[in-house]
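Be aware that the sequence shown starts at 174, since it is given in our numbering, and climbs by one per residue.
Ideal placement from N, C-alpha and C gives every residue a C-beta, glycine not left out.
Quick caveat: nothing in here was measured; it's all calculated off a predicted structure.
The structure under discussion appears below in the form of structure tokens.
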Amino acid sequence: MSTTSRESGKTILFTNSTGNDIAVNSVVVIGSLLAIATVNIPDGESGECSVEGVHKLPKTAGVVFDLGEKLIWDVSAGAFIKSNATPAAGDISGAAICWAAAVSGATVCYVKINPALGTVETG
Numbered sequence: 174m175s176t177t178s179r180e181s182g183k184t185i186l187f188t189n190s191t192g193n194d195i196a197v198n199s200v201v202v203i204g205s206l207l208a209i210a211t212v213n214i215p216d217g218e219s220g221e222c223s224v225e226g227v228h229k230l231p232k233t234a235g236v237v238f239d240l241g242e243k244l245i246w247d248v249s250a251g252a253f254i255k256s257n258a259t260p261a262a263g264d265i266s267g268a269a270i271c272w273a274a275a276v277s278g279a280t281v282c283y284v285k286i287n288p289a290l291g292t293v294e295t296g
């Protein structure tokens with residue numbers, strides 16, 4: 174057995190210094206990672222966030238997402254946008270793919286988070 178292993182890496186402990194409480198199931202940006210709060214995390218407190226798996230998350234309405242399409246997390250909108258959109262400063266590119274096609278009118282989609290390390294846009 175490896176003596177270098179620390180933990181499974183499926184979750185990460187996040188200390189909330191955003192100035193706002195974070196609700197369970199919210200997307201949390203940690204550096205270039207996308208994470209999903211597994212508990213409510215009050216400002217100034219710590220809580221576990223999932224950094225793996227497929228999650229049902231907000232998407233922008235009015236656009237179709239195709240299976241396997243790379244997505245961008247739009248920080249200001251709090252939703253995923255298509256990869257052909259122009260990301261703004263703080264948006265995360267390359268850290269999510271569409272796991273099931275989503276129709277134009279849908280406001281949620283299934284997303285696999287962190288299939289690769291994301292890029293924080295500097296805008």
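- Taking C-beta separations shorter than 6 Å and ignoring five residues to either side along the sequence, the partners of Ser219 in its chain run Leu186 and Thr188, following chain order.
- At least 8 Å separates the beta-carbon of Gly251 from that of Glu294.
- For Gly267, the closest C-alpha among the options Gly204, Ser277, Ala279 and Ser249 is that of Gly204.
- Contact check for Phe238 and Leu230: beta-carbon distance about 11 Å, past the 8 Å limit, so the pair fails to qualify.
- When DSSP reads this structure, Lys232 sits in a beta bridge with Phe253.
- Contact between the segment 276-287 and the segment 210-229 is present, with at least three C-beta pairs closer than 8 Å.
- About 6 Å separates the Cβ atoms of Val200 and Trp246, confirming a contact at the 8 Å cut-off.
- Val200 is bridged by DSSP to Ile209.
- Just measuring C-alpha positions, the residue of Ala274, Pro260, Glu221 and Ala273 sitting nearest Thr184 is Glu221.
- If the five residues before and after Ala261 are omitted, its C-beta is found closer than 6 Å to the C-beta atoms of Gly296, all from its own chain and listed in chain order.
- Cβ-Cβ distances below 7 Å link Cys271 to Phe238, Asp239, Leu240, Gly241, Glu242, Leu244, Cys282 and Val284 in the same chain, with the five nearest sequence neighbours on each side left out; the list follows chain order.
- Counting along the chain, Trp272 sits inside no beta strand (DSSP E), nor does DSSP assign it H or E at all.
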